[in-house]
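Enquirer:
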Amino acid sequence: MSSDPIYVTRPHLPELADVLPLLEQIWDSGLLTNNGPLLQRFESALSDYLGVAHISLVANATLGTTLAMEQAGITSGEVITTPFSFVATSHSIKRAGATPVFADIDPVTLNLDPASVVKQITPDTKAILAVHTFGRPCDVEGLKDVADSHGLKLLYDAAHAFGVRKDGRSILSYGDMSVLSFHATKVFNTFEGGAVISPDRETKEGVDRLTNFGFADTDSVEAIGLNAKMSEFNAAIGLAQLCKIDEVLAARARVAERYMRYLGDVPGLRCASPTGESGHNHYAFPILVGPDYPIDRDTLCERLEQHNIFARKYFYPLISDMAPYAQLPSAAPKSLPIARKVAAEVLCLPLYPDLDEATQDRIIAQVLAK
Ligand SMILES: *Cc1c(COP(=O)(O)O)cnc(C)c1O
């Protein structure tokens with residue numbers, strides 16, 4: 321086979337010409353980290369772009385979510401969460417000191433189902449940690465109703481949700497706190513990085529302290545913090561990426577819309593991305609390979625691999641089936657029927673801004689091959 325391998329994503333690099341002047345500023349100032357000038361600029365530029373006031377930049381989303389949980393006081397008890405996510409979602413709950421409890425997902429949005437969340441509430445429940453899976457907004461109103469009526473905190477793992485808006489408002493402004501990931505594979509990246517979105521300045525300052533060992537000022541440490549700081553280098557990458565983010569999002573939308581055109585009405589396949597909806601970021605293009613499709617998901621995945629196309633089974637296996645979590649009562653095989661079905665059917669097709677039409681045609685042809 322002569323064609324180059326096609327991976328599910330290709331990290332988007334900023335223009336070197338946009339990065340180099342920023343690197344020169346780092347070399348000139350000698351300030352490499354610890355709330356440096358580029359980090360402050362990046363924080364305020366992001367805040368403007370995303371339309372949320374209180375942002376704390378962090379080294380990555382896993383640490384960011386762990387610290388957001390701590391800041392929200394969730395260091396014991398139970399946190400209801402989705403099994404259909406990247407494993408870091410549950411790891412952050414455990415690292416903060418609480419125990420994940422899995423609830424089922426909605427078959428259309430693939431996000432936590434508020435009705436299933438209610439069934440998992442016990443006297444030990446402290447919070448809900450929901451995920452805007454593949455950038456599709458959760459039922460934020462439904463989850464808020466559940467959280468409010470049971471006195472629970474509501475946090476969002478928004479690792480996939482950069483730039484997503486709902487009813488003209490940033491999705492990051494819902495719930496008590498949200499956490500973005502800027503990992504290389506995400507829609508917006510700083511190579512490694514992330515951000516915690518807080519509802520007010522006081523909470524943001526609490527998060528900032530936790531990212532810096534718990535220092536309140538040079539002489540006083542007020543909490544058992546971590547080192548979760550973002551460096552000036554990553555902030556420089558972020559500033560440069562932000563110059564082109566609208567083009568990146570538009571290019572992703574074009575690729576997703578083209579998939580939708582060719583795959584949207586195929587019997588047995590369901591395209592699970594809200595392509596065409598305004599405010600969406602086209603984080604991924606998940607298809608669900610149902611029982612009416614001539615072949616099953618694994619066979620389709622293998623066929624694509626034989627043609628050098630590396631689609632990914634996100635999110636299979638479920639977090640609840642992974643070794644650290646499989647013994648939890650809420651991970652029992654008979655529970656989570658919808659999450660189980662989706663995990664067995666889902667396949668994310670390659671989607672990145674510079675995926676050209678000829679390459680996409682190769683992918684589509686193999687999905688549709690008889
Ligand atoms: C990528 C990802 C994370 C982890 O982000 P990092 O910045 O790599 O720590 C957490 N949750 C979800 C849903 C993710 O996809």
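In the working numbering, the protein residues as written are 321 to 690.
Glycine residues also receive a C-beta, built at the ideal position from the N, C-alpha and C atoms.
A quick note: this is a predicted structure, and the numbers were derived from the prediction, not measured.
Need the endpoints of the beta strand (DSSP E) that residue 401 sits in, please.
Expert: Its beta strand (DSSP E) spans residues 398-401.
Enquirer: Looking only at DSSP bridge pairs, what is residue 447 linked to?
Expert: In the DSSP output, where bridge partners are listed per residue, residue 447 has 399 and 473.
Enquirer: Identify, in the order they occur along the chain, each residue of the same chain with its Cβ nearer than 7 Å to the Cβ of residue 552, setting aside the five sequence neighbours on each side.
Expert: Within the same chain, residue 552 has close Cβ partners 346, 351, 352, 353, 356, 358 and 359.
Enquirer: Where residue 463 and residue 481 are concerned, what is the direct C-alpha to C-alpha distance, given to the nearest angstrom?
Expert: Cα-Cα distance, rounded: 17 Å.
Enquirer: Please classify residue 677 as buried or exposed, where buried requires at least 16 neighbouring CB atoms within 10 angstroms.
Expert: The residue is exposed, with fewer than 16 neighbouring Cβ atoms inside 10 Å.
Enquirer: In its own chain, which residues sit with a C-beta less than 8 Å from the C-beta of residue 509, not counting the 5 before and 5 after it?
Expert: These residues qualify, in order along the chain: 331, 332, 502, 503, 557 and 561.
Enquirer: Check this for me: beta carbons of residue 403 and residue 565, under 9 Å apart or not?
Expert: Cβ distance not < 9 Å, so residue 403 and residue 565 don't count as in contact.
Enquirer: Using only the alpha-carbon positions, how far apart do residue 478 and residue 325 sit?
Expert: Between residue 478 and residue 325, the C-alpha separation is close to 30 Å.
Enquirer: So which residues touch the region around ligand 1, with touch meaning a C-beta under 6 Å from any heavy atom?
Expert: Every residue passing the under-6 Å Cβ criterion appears here: 380, 381, 382, 405, 406, 408, 409, 451, 477, 479, 480, 501, 503 and 514.
Enquirer: Secondary structure at residue 675, three-state DSSP: helix, strand or coil?
Expert: If DSSP states are grouped into helix, strand and coil, residue 675 belongs with coil.
Enquirer: Output the boundary residues of the alpha helix (DSSP H) element that contains residue 694.
Expert: Residue 694 lies beyond the stretch modelled for the chain, which goes from 321 to 690, so this question has no answer here.
Enquirer: With DSSP collapsed to three states, give me the class of residue 595.
Expert: Three-state DSSP puts residue 595 in coil, outside helix and strand.
Enquirer: Which of the three DSSP states, helix, strand or coil, is assigned to residue 688?
Expert: It is helical.
Enquirer: The alpha helix (DSSP H) that contains residue 580, what's its start and end?
Expert: Run containing residue 580: 552-583, per the alpha helix (DSSP H) assignment.
Enquirer: Leaving aside the five residues before and after residue 690 along the sequence, list all residues of the same chain whose C-beta is less than 8 Å from its C-beta, in chain order.
Expert: Excluding positions up to five away in sequence, the list reads 614.
Enquirer: Tell me the rounded alpha-carbon separation between residue 500 and residue 589.
Expert: Going from the Cα of residue 500 to the Cα of residue 589 covers about 30 Å.
Enquirer: Taking residue 539 as part of the beta strand (DSSP E), name the residues at either end of that continuous run.
Expert: Per DSSP, residue 539 belongs to no beta strand (DSSP E) and is neither H nor E.
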